[in-house]
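Working notes, structure below.
There are 2 protein chains.
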Amino acid sequence: MNDRKILLTEDEMPRQWYNILADIKMNPPLGPDGKPIRAEDLAPVFPMNLIEQEVSTDRWIDIPEPVLDVYRIWRPSPLVRALSLEKALDTPARIYFKNESVSPPGSHKPNTAVPQAYYNKVFGIERLTTETGAGQWGSALSFACCQFGLECKVYMVRVSFDQKPYRKAMMETWGGKCVASPSMETRAGREALEKDPNTPGSLGIAISEAIEAAVSDASGKTRYSLGSVLNHVMLHQTIIGLEAKKQLNKIGEYPDVIIGCAGGGSNFAGLAFPFVLDKINGKHIEIYPVEPAACPTLTRAPFVYDHGDTSRYTPLLAMHSLGHAFVPPPFHAGGLRYHGMAPTVSQLAVEGIITPRSVQQIQAYDAGIAFARTEGIIPAPETTHALACVLEEAQKAKLEGKEKVILVNWSGHGLLDFGAYEKYFSGDLKNYEMTDDEICRSKKVFENFPKPAHLKSR
Amino acid sequence: MNDRKILLTEDEMPRQWYNILADIKMNPPLGPDGKPIRAEDLAPVFPMNLIEQEVSTDRWIDIPEPVLDVYRIWRPSPLVRALSLEKALDTPARIYFKNESVSPPGSHKPNTAVPQAYYNKVFGIERLTTETGAGQWGSALSFACCQFGLECKVYMVRVSFDQKPYRKAMMETWGGKCVASPSMETRAGREALEKDPNTPGSLGIAISEAIEAAVSDASGKTRYSLGSVLNHVMLHQTIIGLEAKKQLNKIGEYPDVIIGCAGGGSNFAGLAFPFVLDKINGKHIEIYPVEPAACPTLTRAPFVYDHGDTSRYTPLLAMHSLGHAFVPPPFHAGGLRYHGMAPTVSQLAVEGIITPRSVQQIQAYDAGIAFARTEGIIPAPETTHALACVLEEAQKAKLEGKEKVILVNWSGHGLLDFGAYEKYFSGDLKNYEMTDDEICRSKKVFENFPKPAHLKSR
Numbered sequence: 001m002n003d004r005k006i007l008l009t010e011d012e013m014p015r016q017w018y019n020i021l022a023d024i025k026m027n028p029p030l031g032p033d034g035k036p037i038r039a040e041d042l043a044p045v046f047p048m049n050l051i052e053q054e055v056s057t058d059r060w061i062d063i064p065e066p067v068l069d070v071y072r073i074w075r076p077s078p079l080v081r082a083l084s085l086e087k088a089l090d091t092p093a094r095i096y097f098k099n100e101s102v103s104p105p106g107s108h109k110p111n112t113a114v115p116q117a118y119y120n121k122v123f124g125i126e127r128l129t130t131e132t133g134a135g136q137w138g139s140a141l142s143f144a145c146c147q148f149g150l151e152c153k154v155y156m157v158r159v160s161f162d163q164k165p166y167r168k169a170m171m172e173t174w175g176g177k178c179v180a181s182p183s184m185e186t187r188a189g190r191e192a193l194e195k196d197p198n199t200p201g202s203l204g205i206a207i208s209e210a211i212e213a214a215v216s217d218a219s220g221k222t223r224y225s226l227g228s229v230l231n232h233v234m235l236h237q238t239i240i241g242l243e244a245k246k247q248l249n250k251i252g253e254y255p256d257v258i259i260g261c262a263g264g265g266s267n268f269a270g271l272a273f274p275f276v277l278d279k280i281n282g283k284h285i286e287i288y289p290v291e292p293a294a295c296p297t298l299t300r301a302p303f304v305y306d307h308g309d310t311s312r313y314t315p316l317l318a319m320h321s322l323g324h325a326f327v328p329p330p331f332h333a334g335g336l337r338y339h340g341m342a343p344t345v346s347q348l349a350v351e352g353i354i355t356p357r358s359v360q361q362i363q364a365y366d367a368g369i370a371f372a373r374t375e376g377i378i379p380a381p382e383t384t385h386a387l388a389c390v391l392e393e394a395q396k397a398k399l400e401g402k403e404k405v406i407l408v409n410w411s412g413h414g415l416l417d418f419g420a421y422e423k424y425f426s427g428d429l430k431n432y433e434m435t436d437d438e439i440c441r442s443k444k445v446f447e448n449f450p451k452p453a454h455l456k457s458r
Numbered sequence: 001m002n003d004r005k006i007l008l009t010e011d012e013m014p015r016q017w018y019n020i021l022a023d024i025k026m027n028p029p030l031g032p033d034g035k036p037i038r039a040e041d042l043a044p045v046f047p048m049n050l051i052e053q054e055v056s057t058d059r060w061i062d063i064p065e066p067v068l069d070v071y072r073i074w075r076p077s078p079l080v081r082a083l084s085l086e087k088a089l090d091t092p093a094r095i096y097f098k099n100e101s102v103s104p105p106g107s108h109k110p111n112t113a114v115p116q117a118y119y120n121k122v123f124g125i126e127r128l129t130t131e132t133g134a135g136q137w138g139s140a141l142s143f144a145c146c147q148f149g150l151e152c153k154v155y156m157v158r159v160s161f162d163q164k165p166y167r168k169a170m171m172e173t174w175g176g177k178c179v180a181s182p183s184m185e186t187r188a189g190r191e192a193l194e195k196d197p198n199t200p201g202s203l204g205i206a207i208s209e210a211i212e213a214a215v216s217d218a219s220g221k222t223r224y225s226l227g228s229v230l231n232h233v234m235l236h237q238t239i240i241g242l243e244a245k246k247q248l249n250k251i252g253e254y255p256d257v258i259i260g261c262a263g264g265g266s267n268f269a270g271l272a273f274p275f276v277l278d279k280i281n282g283k284h285i286e287i288y289p290v291e292p293a294a295c296p297t298l299t300r301a302p303f304v305y306d307h308g309d310t311s312r313y314t315p316l317l318a319m320h321s322l323g324h325a326f327v328p329p330p331f332h333a334g335g336l337r338y339h340g341m342a343p344t345v346s347q348l349a350v351e352g353i354i355t356p357r358s359v360q361q362i363q364a365y366d367a368g369i370a371f372a373r374t375e376g377i378i379p380a381p382e383t384t385h386a387l388a389c390v391l392e393e394a395q396k397a398k399l400e401g402k403e404k405v406i407l408v409n410w411s412g413h414g415l416l417d418f419g420a421y422e423k424y425f426s427g428d429l430k431n432y433e434m435t436d437d438e439i440c441r442s443k444k445v446f447e448n449f450p451k452p453a454h455l456k457s458r
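The listed protein sequences correspond, in order, to chains A and B.
Here the numbering used here is used: position 125 in the first sequence is 125, and no number is missing along the way.
Here the numbering used here is used: position 408 in the second sequence is 408, and no number is missing along the way.
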């Protein structure tokens with residue numbers, strides 16, 4: 001009998017993160033003047049130690065001991081052979097999933113929330129603000145702040161706040177404060193409410209409120225925290241792939257195919273980047289970021305300079321973008337509803353090192369339920385998108401008669417997202433696809449921005 | 001740096017369950033005629049292989065290989081040193097918790113759901129029925145039936161069905177069918193609805209519906225499944241304590257104090273029974289089942305013969321009971337709202353081998369939140385009762401200046417129970433305590449039943 005789980009001891013946990021900026025060329029972020037921004041421009045928003053990490057090109061960065069100690073609450077996370085799923089699919093492929101749902105908040109998000117809280121703490125910061133859509137990120141930051149004795153304030157998009165009251169309770173259990181956005185607490189919030197008192201809110205407004213609350217605190221002890229997109233977030237997440245590599249190595253395996261869902265890009269990057277390094281050095285691996293057809297950033301949007309938020313507070317980032325004003329249709333994978341994509345992930349797509357794919361919502365839930373009925377655990381709506389791609393690849397391996405090794409990031413569980421499963425079972429779940437016209441219209445917002453260079457890293 | 005988690009490999013998982021019936025004397029269950037029931041009396045309700053296990057006095061019973069293989073999805077479960085909690089409490093005690101929340105349904109319940117589904121399957125049964133209150137047991141049985149290709153039908157108490165729609169979605173994700181009880185599908189349900197169309201339902205009615213649905217299936221291919229109380233349920237749960245013993249042994253520890261919450265008794269028994277064996281053989285250990293003050297079965301109710309269900313379908317069991325007609329006040333630990341207690345656990349209490357305790361609801365949530373804010377993970381309402389006792393014992397160790405080893409069963413997570421946490425934070429959570437008068441009244445139902453002997457096992 002083969003083991004299902006490949007475990008590492010706490011001693012075997014990696015002691016450094018992998019920084020992909022050492023190995024790829026990047027277009028710099030631009031300020032309002034169209035010139036590359038300087039570190040000090042970001043100082044009111046982020047602590048200087050994280051800004052330094054954001055721009056570092058060191059290949060390996062030490063994980064601080066207090067961060068490792070909190071990681072030990074749930075890390076190293078299990079790598080699991082999906083034996084029952086393989087059997088049900090009758091595939092010659094060997095499928096391994098990295099189970100990031102074992103963290104207290106239930107997803108990969110604390111991999112970066114914990115170091116972000118730590119670096120803010122040692123920089124003397126006492127309070128963090130952030131936004132959250134589906135609630136995974138707000139939960140993770142509340143958990144991390146609780147571990148380091150920081151206050152945490154989360155602006156949660158109103159429609160999710162009302163639909164998912166349990167997320168607020170989770171944040172409060174860890175001492176976080178969560179308000180519906182738009183709120184009356186910020187100028188950005190009040191303006192949005194004046195315009196429309198019944199607005200469901202948006203991630204864009206929530207980001208504006210969180211940044212405003214951070215930079216307007218006269219004590220200087222508050223900063224803002226972002227859960228995806230930025231370089232240091234991708235960096236922190238690489239612990240996923242570094243662990244997976246050690247785990248596969250233990251049993252003499254190496255992946256032929258790597259799959260992760262992609263919203264802002266952080267769970268995908270976390271698993272894939274340590275293997276991208278191997279691919280750049282000559283290994284043959286197929287690497288698939290998977291996005292929803294309803295928000296097709298990598299698969300259908302151009303590589304441009306655009307803002308990271310709707311209110312255009314952030315610098316211009318070189319990335320695939322549907323336009324900072326884009327509002328996706330109401331599909332259920334809240335973590336995949338972002339208009340842009342991490343600049344590092346975008347750059348890899350531009351260079352053809354990774355191969356973006358998209359799936360429809362119903363296909364994703366089909367895969368999620370096939371997984372739950374074999375392997376037992378119930379995936380988050382985001383994770384089901386990666387699983388749909390796993391099923392396609394397992395089927396392909398069967399048709400080709402090849403013993404491929406498929407590695408997927410099981411980024412989170414769905415235990416606080418059963419609303420979507422209920423809709424699936426009652427037949428109320430819909431597919432959404434953007435028309436070419438919609439994409440053309442959404443692109444207008446960045447027409448007059450500078451254009452990024454198409455760099456070639458090797 | 002000490003490791004937080006003590007892990008076992010899948011190879012190190014115990015291969016046998018421990019059967020406490022080999023080591024203690026028991027009053028037999030009685031039929032309607034007041035005489036000990038025979039195996040064949042139970043045959044319409046349970047498959048014969050489980051009935052044989054129910055009455056076996058073999059000390060060790062082999063775990064079938066297909067059961068071990070499903071256990072491998074989440075077992076061996078981690079034993080975790082609560083280093084951060086210890087530090088926050090400034091206690092010399094070393095606190096270890098056995099994390100049973102890592103199973104797909106999120107509690108210890110699948111430890112018995114999986115073998116019950118397996119034994120029914122090999123006996124040729126195609127469909128199981130059961131009841132569920134809070135939803136943990138219904139979820140666990142749905143998961144287990146899915147693994148062995150059985151149909152699963154769950155009668156869920158109406159008030160919980162309405163309050164916790166996510167539990168139904170969870171069961172459906174694994175292919176289970178869940179209806180609100182009372183339903184129109186059974187005679188018992190229809191009678192209850194005729195009496196009161198707006199009844200919130202009760203565990204008693206739900207049990208009656210599930211048993212009726214099993215025994216009235218003319219094909220003979222349906223049986224009923226119970227998630228606590230019975231001997232074979234306690235047996236299956238002992239994998240918890242057997243693993244914990246191995247894990248503590250690995251690091252040279254042995255518990256001074258063992259704690260588990262107790263509703264029907266199964267998670268408490270699962271952790272404690274393998275250590276009870278040592279205690280019977282001379283080891284000094286304090287063993288505490290912890291119950292809610294609002295349903296004080298072990299701490300305030302007598303040891304009597306009583307029915308396991310409100311409708312008096314079950315045999316008379318020798319146990320601590322508040323009376324089969326007892327309806328507990330509406331506190332939030334649904335898994336601790338049972339009027340009786342497992343006969344094996346009751347017998348140990350009668351003999352003074354274990355020492356029952358009770359805690360108030362608010363004290364329990366205080367402890368749960370103290371735990372979540374240090375160790376990260378968020379406990380189920382039931383589990384918080386055990387944690388309240390852990391805090392008391394850690395404080396006692398501090399006052400005594402003793403380096404005690406405390407072992408607690410962390411029976412489940414609270415991710416589907418945030419309603420109670422919300423009430424706690426809004427100040428709407430109440431304590432309940434039974435008056436002596438209420439206990440006197442509730443005892444009337446078993447006044448005329450036979451009385452069990454006070455047996456002494458050693």
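The beta-carbon is built from N, C-alpha and C at its ideal position, and this holds for glycine as well.
* Who are the Cβ neighbours of residue 449 of chain B in its own chain at under 8 Å, not counting the five residues just before and after it? -> Hits under 8 Å: 304, 305, 306 and 316.
* To do: At 4 residues or longer, and completely inside the stretch 38-105 of chain A: list those alpha helix (DSSP H) runs for me, N to C.
  => Runs of the alpha helix (DSSP H) inside the stretch 38-105 of chain A: 48-55, 65-71 and 83-89.
* To do: Please go through the same chain and pick out, in chain order, the residues whose beta-carbon is closer than 7 Å to the beta-carbon of residue 118 of chain B, but skip the five residues on each side of it.
  => Cβ contact annotation for residue 118 of chain B (same chain, cutoff 7 Å, sequence separation greater than five): 64, 66, 67 and 148, in chain order.
* **Rounded C-alpha distance that separates residue 332 of chain A from residue 158 of chain B** => Cα to Cα, residue 332 of chain A sits roughly 28 Å from residue 158 of chain B.
* How many whole angstroms separate the CB atoms of residue 247 of chain B and residue 267 of chain B, which I take to be in contact at a CB cut-off of 8 Å? -> The pair is not a contact, with the Cβ atoms about 17 Å apart (cut-off 8 Å).
* Look at the alpha carbon of residue 88 of chain A and the alpha carbon of residue 374 of chain A, and state the distance between them as a whole number of angstroms. => Whole-angstrom Cα-Cα distance: 7 Å.
* To do: Count the other CB atoms, across all protein chains shown, that sit within 10 Å of the CB of residue 282 of chain B; report buried if there are 16 or more and exposed otherwise.
  => Around the Cβ of residue 282 of chain B, a 10 Å sphere holds fewer than 16 other Cβ atoms; the residue is exposed.
* Let me know if residue 219 of chain B comes out buried or exposed under the rule of 16 or more other beta-carbons within 10 Å of its beta-carbon. => With fewer than 16 other Cβ atoms within 10 Å, it is exposed.
* Asked: If you check the beta carbons only, do residue 244 of chain B and residue 407 of chain B fall under 8 Å apart?
  -> Pairing residue 244 of chain B with residue 407 of chain B gives a Cβ-Cβ distance under 8 Å.
* Minimum Cβ-Cβ distance from residue 459 of chain B to chain A less than 8 Å -> No statement about residue 459 of chain B is possible, as the shown extent of chain B runs from 1 to 458 and does not include it.
* Asked: Can you tell me where the beta strand (DSSP E) with residue 371 of chain A in it begins and where it stops?
  -> Counting along the chain, no beta strand (DSSP E) covers residue 371 of chain A; the unbroken alpha helix (DSSP H) around it starts and ends at 361-375.
* Would DSSP call residue 223 of chain B helix, strand or coil? -> Three-state DSSP puts residue 223 of chain B in a strand.
* Evaluate the contact criterion for the stretch 103-121 of chain B versus the stretch 199-206 of chain B: three or more CB pairs, one atom per stretch, below 8 Å. => The stretch 103-121 of chain B vs the stretch 199-206 of chain B: no contact.
* Give me whichever residues DSSP pairs with residue 306 of chain B in a beta bridge. => Looking at the DSSP assignment, residue 306 of chain B forms a beta bridge with B:317.
* Asked: Where does residue 128 of chain B fall in DSSP's three states?
  -> In the three-state reduction of the DSSP assignment, residue 128 of chain B falls in the strand class.
* Beta-carbon proximity of residue 415 of chain A to residue 378 of chain A, cut-off 8 Å -> Their beta carbons are under 8 Å apart, which means residue 415 of chain A touches residue 378 of chain A by this criterion.
* Asked: With a CB to CB cut of under 6 Å and the five nearest residues on each side skipped, what residues in its chain are close to residue 28 of chain A?
  -> Once the five neighbours on either side are set aside, the close Cβ partners of residue 28 of chain A are 36.
* Asked: Straight-line CA distance for residue 261 of chain A to residue 97 of chain A?
  -> Going by the C-alpha atoms only, they are around 13 Å apart.
* Whether residue 175 of chain A touches residue 139 of chain A by CB criterion (8 Å) -> Result no, Cβ atoms of residue 175 of chain A and residue 139 of chain A do not sit closer than 8 Å.
* To do: Tell me, please, whether the CB atom of residue 376 of chain B is closer than 8 Å to any CB atom in chain A?
  => Yes, because at least one Cβ of chain A sits closer than 8 Å to the Cβ of residue 376 of chain B.
* Beta-bridge partners of residue 358 of chain A, as assigned by DSSP -> Beta-bridge partners assigned by DSSP to residue 358 of chain A: A:291.
* Starting from the beta carbon of residue 7 of chain A, find every residue of chain B whose beta carbon is closer than 8 Å, and list them in chain order. => Residues of chain B with a Cβ closer than 8 Å to the Cβ of residue 7 of chain A are, in chain order, 7 and 9.
* By the criterion of Cβ-Cβ separation under 9 Å, what are the contact partners of residue 126 of chain A in chain B? -> The contacting residues do not exist; residue 126 of chain A stays about 17 Å from chain B at best.
* Of the residues B:300, B:436, B:424 and B:249, the one placed nearest residue 6 of chain B, counting alpha carbons only -> Taking only the C-alpha atoms, the option nearest residue 6 of chain B is B:249.
* Asked: With DSSP run on the structure shown, which of helix, strand or coil describes residue 231 of chain A?
  -> Residue 231 of chain A falls in the helix class under three-state DSSP.
* Start-to-end residues for the beta strand (DSSP E) that takes in residue 119 of chain A -> No beta strand (DSSP E) holds residue 119 of chain A; the alpha helix (DSSP H) holding it covers 110-122.
* Backbone CA spacing between residue 293 of chain A and residue 447 of chain A [nearest angstrom] -> A direct Cα-to-Cα measurement between residue 293 of chain A and residue 447 of chain A gives close to 23 Å.
* residue 426 of chain A (DSSP reduced to helix, strand or coil) -> Note: residue 426 of chain A maps to coil in three-state DSSP.
* Asked: What runs of the beta strand (DSSP E), each 3 residues or longer, lie entirely inside the stretch 152-184 of chain B?
  -> List check, beta strand (DSSP E) in window: 177-181.
* Per-residue DSSP class, three states only, for residue 5 of chain A -> DSSP places residue 5 of chain A in the strand class (E or B) of the three-state scheme.
* So which residues of chain A does residue 115 of chain B contact, with C-beta pairs closer than 8 Å? -> Those do not exist, as residue 115 of chain B stays about 15 Å from chain A at its closest Cβ, beyond 8 Å.
* Pairwise C-alpha distance: residue 4 of chain A and residue 404 of chain B -> Each residue's Cα considered, the two are about 35 Å apart.
* Taking Cβ-Cβ distances below 9 Å as the criterion, which residues of the stretch 142-167 of chain B are in contact with chain A? -> If you check each beta-carbon in the stretch 142-167 of chain B against every beta-carbon of chain A, the ones closer than 9 Å belong to 143, 146, 147, 165, 166 and 167.
* Taking only the alpha-carbon atoms, compute the straight-line gap between residue 45 of chain B and residue 95 of chain A and give it to the nearest angstrom. => Computed Cα separation, rounded: 40 Å.
* To do: Note down the Cα distance separating residue 43 of chain B from residue 216 of chain B, rounded to an integer number of angstroms.
  => Between residue 43 of chain B and residue 216 of chain B, the C-alpha separation is close to 13 Å.
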